[in-house]
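Enquirer: Structure incoming, see below.
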Amino acid sequence: MSDKTFKRIQDLPARHLLEAGTPMCAGCGGLEAIREIYDLIGEKTVFVNAAGCMTLLAVYPFTPFRGSWLYTAMASAPAGVQGVRDALDILLKKGLIGPDEDLETVALTGDGAAYGIGLSSTSAAIDRGLNFMYICYDNEGYGNTGQQTSAATPHGARTATSKGPNGYCGHKKDLYAVWAAHKPAYVATVAGAEPLDLARKIKKARGLAGPRLIIALAPCPTGWDFDPSESVEIGKLAVKTGIWPLKEYQDGKTVHTVVPRPRLHVDEYLKRQGRFSHLFFPKRNEVVLKEIREAVDAYWDGIC
Ligand SMILES: Cc1ncc(C[n+]2csc(CCOP(=O)(O)OP(=O)(O)O)c2C)c(N)n1
Ligand code: SF4
Ligand SMILES: [Mg+2]
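Here the sequence shown stands for residues 1 to 304, numbered as in my numbering.
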């Protein structure tokens, strides 16, 4: 690459690269959410990124990250953040950097790391009161390696490792509740398709210290099998059907920031995605569809 081209790429605003210059799938809902979050938290950030789809964002020199980025194994993003946070704190204490040069320290991982492989190091980091933000983009499977089942995969979904007539027979882990049980500073669910709700929560999280988790729904055209042009619509349907509750935890209390009224039938969300098509064709799988519907109804019956 010529120096001129390199300079042109480096001069592009981050959002242009996120749209045009990355090797991500078209319509990636995780990328949509991260772009919105990055617009708010800005360049004075260190992303400690566990292996997953978003690792591809760091392909130098096309990276949209204008701040710093560190790659870790799937299990250890929070441990990586601890090292970066400690180094910054030492530099601050010694006066080698000023408060204006401090950086937001962020763990960035998929659900495979956040809900499963990295949960132990996450729990320990919360116990230590680590001052960090954890952003999990949740595409409900190991997307980067071909959408195998993860602990975030929803009941009934077909993945590369759950291809039977009933799809995945397990249930999505409640990571929000797992984090809340640790009594951290903040936990929130967001969706890129609901940008105002997302923006308010990111601003709130930035104003707090201590462990803070943001779980972003990541509609994944490749792994969920829908047309990339429908990504935003799928995200909105996840909220409107009550499948993806938008909520936040602070000081021991959970508040639902969006209550879907009237709540659409879950089929409106499920039938738009190939990963649930076996529940509708060649004939409706009433047993599994009922299980999914009743779980969502039971959740909201407990809220309102
Ligand atoms: C311990 C470990 N097991 C497996 C892998 C291979 N691997 C790399 S990325 C990935 C998928 C990660 O899934 P997730 O965290 O949900 O991120 P996504 O790929 O969906 O963005 C896997 C399994 C790995 N890097 N480390
Ligand atoms: S596999 Fe899914 S999450 Fe990964 S880049 Fe593609 S659309 Fe995004
Ligand atoms: Mg994933």
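Beta carbons are placed, not taken as given, at the ideal position from N, Cα and C, and that holds for glycine.
Which residues in the same chain have their Cβ closer than 6 Å to the Cβ of residue 218, if we skip the five residues on either side of it in sequence?
Expert: Taking the sequence shown and counting its residues from 1, the one referred to as residue 218 is at position 218. Contacts found: 29, 30, 137, 138, 139.
Enquirer: Checking the sheet assignment: what are the DSSP bridge partners for residue 253?
Expert: In the sequence shown, counting from the first residue as 1, residue 253 sits at position 253. Partner(s): 250.
Enquirer: So, using beta-carbon positions, are residue 166 and residue 288 closer together than 7 Å?
Expert: The sequence position of residue 166 within the sequence shown is 166, counting from 1. The sequence position of residue 288 within the sequence shown is 288, counting from 1. Going by C-beta atoms, residue 166 is nearer than 7 Å to residue 288.
Enquirer: On the DSSP bridge assignment, give the partners of residue 205 in chain order.
Expert: Looking up residue 205 in the sequence shown gives position 205. According to DSSP, residue 205 bridges with nothing at all.
Enquirer: Reducing DSSP to helix, strand and coil, say where residue 70 ends up.
Expert: The residue given as residue 70 occupies position 70 in the sequence shown. DSSP places residue 70 in strand when its eight states are reduced to three.
Enquirer: Which parts of the region 96-157 are runs of the beta strand (DSSP E), unbroken and 3 residues or longer, counting only runs that do not cross its ends?
Expert: With a minimum length of 3 residues, the continuous beta strand (DSSP E) runs that stay inside the region 96-157 are 104-110, 132-138.
Enquirer: Can residue 197 and residue 246 be called in contact, C-beta distance under 7 Å?
Expert: As a position in the sequence shown, residue 197 is number 197, starting the count at 1. As a position in the sequence shown, residue 246 is number 246, starting the count at 1. Cβ atoms of residue 197 and residue 246: closer than 7 Å.
Enquirer: Cβ of residue 111 versus every heavy atom of ligand 3: is any distance shorter than 6 Å?
Expert: By one-based count along the sequence shown, residue 111 stands at place 111. Because some heavy atom of ligand 3 lies under 6 Å away, the Cβ of residue 111 counts as near it: yes.
Enquirer: Quick check on residue 276: does DSSP put it in helix, strand or coil?
Expert: Along the sequence shown, one-based indexing puts residue 276 at 276. In the structure shown, residue 276 sits in a helix (DSSP, three-state: H, G or I).
Enquirer: Between the Cα of residue 255 and the Cα atoms of 234, 180, 75, 222, which residue gives the shortest distance?
Expert: Position 255 of the sequence shown holds residue 255. Ranking the options by Cα distance to residue 255, first place goes to 180.
Enquirer: Quick check on this structure: which residue in 188, 291, 274 has the alpha carbon closest to the alpha carbon of residue 253?
Expert: Position 253 of the sequence shown, counted from the first residue, corresponds to residue 253. If we check each option's Cα against that of residue 253, 188 comes out closest.
Enquirer: Quick one, are the C-beta atoms of residue 374 and residue 185 less than 7 Å apart?
Expert: Nothing about residue 374 can be read from this structure; the chain reaches only from 1 to 304.
Enquirer: Short of 6 Å in beta carbon distance, which residues of its chain neighbour residue 172, apart from the five on each side in sequence? Order them along the chain.
Expert: Locating residue 172 in the sequence shown gives position 172, counting from the first residue. Closer than 6 Å at the Cβ level, and outside the excluded window around residue 172, lie 152, 154.
Enquirer: Might you give, ordered along the chain, the residues of its own chain that have their beta carbon closer than 7 Å to the beta carbon of residue 236, omitting 5 neighbours on each side?
Expert: For the purposes of this step, residue 236 is identified with residue 236 of the sequence shown, where counting begins at 1. Only 193 meet the Cβ criterion.
Enquirer: Should the region 44-60 be regarded as contacting the region 68-77, the criterion being three or more beta carbon pairs within less than 8 Å?
Expert: Contact holds: three or more Cβ-Cβ distances are below 8 Å.
Enquirer: Thinking C-alpha only, which one of 234, 164, 267 is nearest residue 32?
Expert: In the sequence shown, residue 32 corresponds to position 32, counting from 1. When each option's Cα is compared against that of residue 32, the closest is 234.
Enquirer: Helix or strand or just coil, what does DSSP make of residue 162?
Expert: Translated into the one-based positions of the sequence shown, residue 162 becomes position 162. Residue 162 falls in the strand class under three-state DSSP.
Enquirer: Looking at residue 78: is its Cβ nearer than 7 Å to the Cβ of residue 56?
Expert: The sequence position of residue 78 within the sequence shown is 78, counting from 1. The sequence position of residue 56 within the sequence shown is 56, counting from 1. No; because the gap between Cβ atoms is not below 7 Å, this pair is not in contact.
Enquirer: Ligand 2 heavy atoms versus the CB of residue 306: any closer than 6 Å?
Expert: A question about residue 306 goes unanswered here, because the residues of the chain that appear run from 1 up to 304.
Enquirer: Output yes or no for whether 7 Å exceeds the beta carbon distance between residue 132 and residue 81.
Expert: What you label residue 132 is simply residue 132 of the sequence shown in a count that begins at 1. What you label residue 81 is simply residue 81 of the sequence shown in a count that begins at 1. Yes.
Enquirer: Which stretch, first to last residue, makes up the alpha helix (DSSP H) that contains residue 186?
Expert: The residue labelled residue 186 in the question sits at position 186 within the sequence shown. First-last for residue 186: 186-191, but that is the beta strand (DSSP E), not the alpha helix (DSSP H).
Enquirer: Taking C-beta to C-beta, are residue 284 and residue 266 nearer than 7 Å?
Expert: One-based indexing of the sequence shown puts residue 284 at position 284. One-based indexing of the sequence shown puts residue 266 at position 266. In this structure, residue 266 does not lie closer than 7 Å to residue 284 by Cβ.
Enquirer: Could you round the C-beta distance between residue 117 and residue 74 to whole angstroms and report it? I think they count as a contact, below 8 Å.
Expert: For the purposes of this step, residue 117 is taken as residue 117 along the sequence shown, with counting starting at 1. For the purposes of this step, residue 74 is taken as residue 74 along the sequence shown, with counting starting at 1. Indeed, because the Cβ distance is near 4 Å, the residues count as touching under 8 Å.
Enquirer: In three-state terms, what does DSSP make of residue 228?
Expert: On the sequence shown, residue 228 is found 228 positions in, with the first residue counted as 1. If DSSP states are grouped into helix, strand and coil, residue 228 belongs with the helices.
Enquirer: From residue 232 to residue 41, what does the alpha carbon distance come to, in whole angstroms?
Expert: Numbered from 1 along the sequence shown, position 232 holds the residue referred to as residue 232. Numbered from 1 along the sequence shown, position 41 holds the residue referred to as residue 41. Rounded to the nearest angstrom, the two C-alpha atoms are 22 Å apart.
Enquirer: If you drop the 5 nearest sequence neighbours on each side, which residues of the same chain put their C-beta closer than 7 Å to that of residue 225?
Expert: Residue 225 sits at position 225 when you count from the first residue of the sequence shown. So the list reads 273, 274, 275, once near-sequence residues are dropped.
Enquirer: Compute the Euclidean distance between the alpha carbons of residue 281 and residue 108, then round it to the nearest angstrom.
Expert: Within the sequence shown, residue 281 is the residue found at index 281, counting from 1. Within the sequence shown, residue 108 is the residue found at index 108, counting from 1. Whole-angstrom Cα-Cα distance: 37 Å.
Enquirer: Rounded to whole angstroms, what is the Cα-Cα separation between residue 102 and residue 160?
Expert: For this step, residue 102 is matched to residue 102 along the sequence shown. For this step, residue 160 is matched to residue 160 along the sequence shown. Each residue's Cα considered, the two are about 42 Å apart.
Enquirer: Is the separation between the beta-carbon of residue 263 and that of residue 242 shorter than 7 Å?
Expert: Start at 1 with the first residue of the sequence shown, and residue 263 comes out as number 263. Start at 1 with the first residue of the sequence shown, and residue 242 comes out as number 242. Contact: yes.
Enquirer: Are the beta-carbon atoms of residue 202 and residue 37 separated by less than 7 Å?
Expert: As a first step, residue 202 must be located in the sequence shown, where it is residue number 202. As a first step, residue 37 must be located in the sequence shown, where it is residue number 37. In contact: residue 202 and residue 37 (Cβ atoms closer than 7 Å).
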